[in-house]
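First comes the structure, then the notes that go with it.
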Amino acid sequence: MNNKMKIRAWIENDKTTVKAIIFHPMETGLRKDKKSGKPIPAHYITEVSCEHNGKSILNCMWGPSVSKNPFFSFRFGGAKPGDKLKISWVDNKGQSGSSEAQIS
Amino acid sequence: MLNNRRTLLKASMAMGTLAIATGAGLLAPRSVLAAWPEKAFKTRKYPDALQILAGTDQLTDSDTIKVKAPDIAENGAVVSITVTTSLPNVENISMFVPENAFPLSASYEMSKATDGFITGRIKMAKTSDVIAVVKADGKLYTAKKTVKVTLGGCGG
């Protein structure tokens, strides 16, 4: 399982902008294998939680229609440079991953 | 001491059963995670999905919500959607695509620290409205934008 994630977080005008990509196939379960004709089983991230210094700031709930290798971005206030931002996810098969970044 | 050992044994056995159940697909992992609204995500009709997620279908159109999306999406597999709102006390921002097999695409639970701003990339099967539903101060507001899709991105 590829648990890679890319996070960037920086402060601009007192607000922290976060941009993140999680590498995940995000299979809808609606696609069919072209050779065998069998449906490809659904495999997608259901929940992503974002924490700033251990405090939850955003909770994403996703369905299968979120794009492959999902990218998302949000903004929040009250952070200082050097603060920690942690993003963790769980998918419908029970797999999970998490990554931490420093806010600059 | 003995007692503790017994409890531990019992606990580990229970865990083992759970793991087997999960592995066999009898108990899907998501049912352990209570927060994810499975029903809303698996509903195939937009009004039903909205009803399940929000508990109501009474929405107020609002100019304070902006849905930024391309007019024409050449590739339905990756459509970038940005929802911004100037409403105070935003609790939740959800995105719906009524023409998709599963209309509810994403739901974001905001905290007090977060701004009314979210960007995400979604798949679109065909030309459809993208509907943003924002919950602020306990009330539901909405705005939408039509995106023309030339190549669907949901397969099937």
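Protein sequence lines, in the order shown, are assigned to chains A and B.
Take -11 as the starting number for the first sequence in my numbering and just add one per residue.
Take 5 as the starting number for the second sequence in my numbering and just add one per residue.
All residues carry an ideal CB built from backbone N, CA and C; glycine is no exception.
Predicted model only: the values in this text are computed from it and were never measured.
Check your understanding: Where do the N-terminal and C-terminal ends of the alpha helix (DSSP H) with A/Asp32 fall, by residue?
Key -> In the first sequence, counting from the first residue as 1, residue 32 of chain A sits at position 44. One detail in the question is off: residue 32 of chain A reads as Tyr in this sequence, not Asp. Careful: A/Tyr32 lies outside any alpha helix (DSSP H) and carries neither H nor E.
Check your understanding: Hey, does B/Gly59 have any beta-carbon neighbour from chain A nearer than 8 Å?
Key -> Counted from its first residue, the second sequence places residue 59 of chain B at position 55. Output row for B/Gly59: interface = no.
Review point. Leaving out five residues before and five after A/Pro69 in sequence, what residues of the same chain have Cβ atoms less than 7 Å from its Cβ?
Key: Here residue 69 of chain A refers to the residue found at position 81 of the first sequence. Counting only Cβ-Cβ distances below 7 Å, and skipping sequence neighbours, we find Ile(-1), Ile91 and Ser92.
Exercise for review: Would you check if the distance between the CB atom of B/Asp119 and the CB atom of A/Arg63 is smaller than 8 Å?
Suggested key: Counting from 1 along the second sequence, the entry for residue 119 of chain B is found at position 115. Counting from 1 along the first sequence, the entry for residue 63 of chain A is found at position 75. If you check the CB distance, B/Asp119 and A/Arg63 come in under 8 Å.
Check your understanding: Which value, in whole angstroms, describes the spacing of the CA atoms of A/Ser61 and A/Glu88?
Key -> Counting from one through the first sequence, the residue named residue 61 of chain A turns up at place 73. Counting from one through the first sequence, the residue named residue 88 of chain A turns up at place 100. Approximately 15 Å between the Cα atoms of the pair.
Check your understanding: Once you ignore the five residues that flank A/Asn80 on each side, which residues in its own chain have a CB closer than 7 Å to its CB?
Key -> On the first sequence, residue 80 of chain A is found 92 positions in, with the first residue counted as 1. So the qualifying residues of the chain are Ala30, His31, Tyr32 and Thr34.
Practice item. Measure from the alpha carbon of B/Ala53 to the alpha carbon of each residue in B/Val82, B/Gly142 and B/Ser111, then state which is nearest. Key: The residue given as residue 53 of chain B occupies position 49 in the second sequence. Looking at the Cα atoms, B/Ser111 is the closest of the given residues.
Review point. When DSSP labels each residue in this structure, what does B/Ala117 get in the three-state scheme?
Key: Residue mapping note: residue 117 of chain B aligns to position 113 of the second sequence, counting from 1. Reduced to three states, the DSSP call for B/Ala117 is coil.
Exercise for review: Give a yes or no on whether 8 Å exceeds the smallest Cβ distance from A/Met(-7) to chain B.
Suggested key: Within the first sequence, the letter at position 5 stands for residue -7 of chain A. Answer no: the Cβ-Cβ gap between A/Met(-7) and chain B never drops below 8 Å.
Practice item. Tell me, to the nearest whole angstrom, how far the beta carbon of B/Arg125 is from that of B/Ser90; I am working on the premise that it is less than 8 Å. Key: For the purposes of this step, residue 125 of chain B is taken as residue 121 along the second sequence, with counting starting at 1. For the purposes of this step, residue 90 of chain B is taken as residue 86 along the second sequence, with counting starting at 1. Incorrect: roughly 24 Å between the Cβ atoms, too far for contact.
Review point. Buried or exposed: which applies to B/Glu113, given that a residue is buried once 16 or more other Cβ atoms fall within 10 Å of its Cβ?
Key: Numbered from its first residue, the second sequence carries residue 113 of chain B at position 109. Buried, because 16 or more other Cβ atoms sit within 10 Å of the Cβ of B/Glu113.
Exercise for review: Report the three-state DSSP secondary structure of B/Asp65 (helix, strand or coil).
Suggested key: Sequence index remark: in the second sequence, residue 65 of chain B carries index 61 (1-based). Correct three-state label for B/Asp65: strand.
**Study point:** Cβ-Cβ distance between B/Asp65 and B/Pro102 below 8 Å
**Key:** Counted from its first residue, the second sequence places residue 65 of chain B at position 61. Counted from its first residue, the second sequence places residue 102 of chain B at position 98. No; because the gap between Cβ atoms is not below 8 Å, this pair is not in contact.
Review point. Given a threshold of 16 other Cβ atoms within 10 Å of its Cβ, counted over all protein chains shown, does B/Ala39 qualify as buried or as exposed?
Key: Counted from its first residue, the second sequence places residue 39 of chain B at position 35. If you draw a 10 Å sphere on the C-beta of B/Ala39, you find fewer than 16 other C-beta atoms in it, and that means exposed.
Practice item. Under 6 Å Cβ to Cβ from B/Val153, same chain only, skipping five residues before and after it: list those, please. Key: For the purposes of this step, residue 153 of chain B is taken as residue 149 along the second sequence, with counting starting at 1. Cβ neighbours of B/Val153 beyond the five flanking positions: Ala77, Gly80, Met128, Lys130 and Thr131.
Check your understanding: According to a CB-to-CB cut-off of less than 9 Å, which residues of the region 124 to 158 of chain B neighbour chain A?
Key -> Residues Gly124, Arg125, Ile126, Lys127, Met128, Ala129, Gly157 and Cys158.
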